[in-house]
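**Q** In this note's numbering, the protein residues as written are 1143 to 1320.
Virtual Cβ for every residue (Gly too), placed ideally from N, Cα, C.
I'd like to ask you about the structure that follows.
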Amino acid sequence: MRIRSAAGFAIIDLLFVMGIISLLCGIALPRLMAARGSAQAASSIGTLRTIGSGEVTFAITCGSGFYAPSLSTLGKAPAGSNEGFVKGDLATADIVIKSGYQFQIFATPFAGAPDTCNQIGLGLTGLAFKAAGDPLDTVNNTRYFALNAGNLIWEDTAPLFPLMPEFGDALSGAPLNR
């Protein structure tokens, strides 16, 4: 006759512990996703402020009062400089994905616009601009942001970029601070 040792775990103990862990994960995971969405939204706001600052600097110093029509032209360095008006990954393409958001700029070309100090070309810059940050994960993050030449960031739960005017108030959404 063999006597079993009581040392160790029984399968029921293991199932009980796994149940508790899965319950805790079920409680924590939605909060973790919400915190992730908030962090991405904060990063998006910072990126739009950088874009707005870059556009204003471009217009004052290089564009003769006109705005850059895209992120890649805003990132193009002027003659005698190594850096554009936005740096890093924002300057690499016209549509940039950063921190869970997609960013883009648009400015309606003004035919009378002069060439810029970074040789974008005649008539390609605009009198105003609009920029947007749209979330990639629209299930866990429904905060859309946009900015225009008024340098005011707007927020909504739907995309703002398609109907955002290049200057003035957005047709929907709310300003972050006035």
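Between the C-alpha atoms of I1163 and A1177, what's the straight-line distance to the nearest angstrom?
**A** The straight-line gap from Cα to Cα measures roughly 21 Å.
**Q** For A1235, collect the residues of the same chain with a Cβ closer than 8 Å to its Cβ; drop the 5 residues on either side in sequence, then sort them by chain order.
**A** Hits under 8 Å: L1213 and S1214.
**Q** How is P1307 classed by DSSP in three states: helix, strand or coil?
**A** Here P1307 sits in coil by DSSP.
**Q** Could you say which of A1152, L1264, A1249 and I1247 lies nearest to A1255 if we only look at CA atoms?
**A** Nearest of A1152, L1264, A1249 and I1247 to A1255, Cα basis: L1264.
**Q** May I ask you to list the residues that DSSP assigns as paired with Q1246?
**A** DSSP lists I1237 and A1274 as partners of Q1246.
**Q** Which word fits Q1182, buried or exposed, when buried means at least 16 other C-beta atoms lie within 10 angstroms of its C-beta?
**A** Q1182 should be labelled buried.
**Q** Can you list, in chain order, the residues of its chain with a C-beta nearer than 6 Å to that of G1226? Leave out the 5 residues immediately preceding and following it.
**A** Closer than 6 Å at the Cβ level, and outside the excluded window around G1226, lie G1217, K1218, A1219 and A1233.
**Q** In chain order, which continuous runs of the alpha helix (DSSP H) of length 4 or greater are located wholly inside the region 1149 to 1203?
**A** 1153 to 1203, all fully within the region 1149 to 1203.
**Q** Between which two residues does the alpha helix (DSSP H) carrying L1216 extend?
**A** Start and end: L1213 to L1216.
**Q** Relative to the C-alpha of Y1243, which residue among A1210, F1252, A1288 and A1201 is closest?
**A** Nearest option by C-alpha distance: A1288.
**Q** Whether or not the region 1309 to 1318 and the region 1290 to 1300 are in contact is what I'm after, with contact meaning three or more pairs of Cβ atoms, one per stretch, closer than 8 Å; do they touch?
**A** Yes: at least three Cβ pairs fall under 8 Å.
**Q** Measuring only the C-alpha atoms, how far is M1175 from N1283?
**A** Taking the straight line joining both Cα atoms gives about 9 Å.
**Q** Determine the DSSP secondary structure at G1207, reduced to helix, strand or coil.
**A** Here G1207 sits in coil by DSSP.
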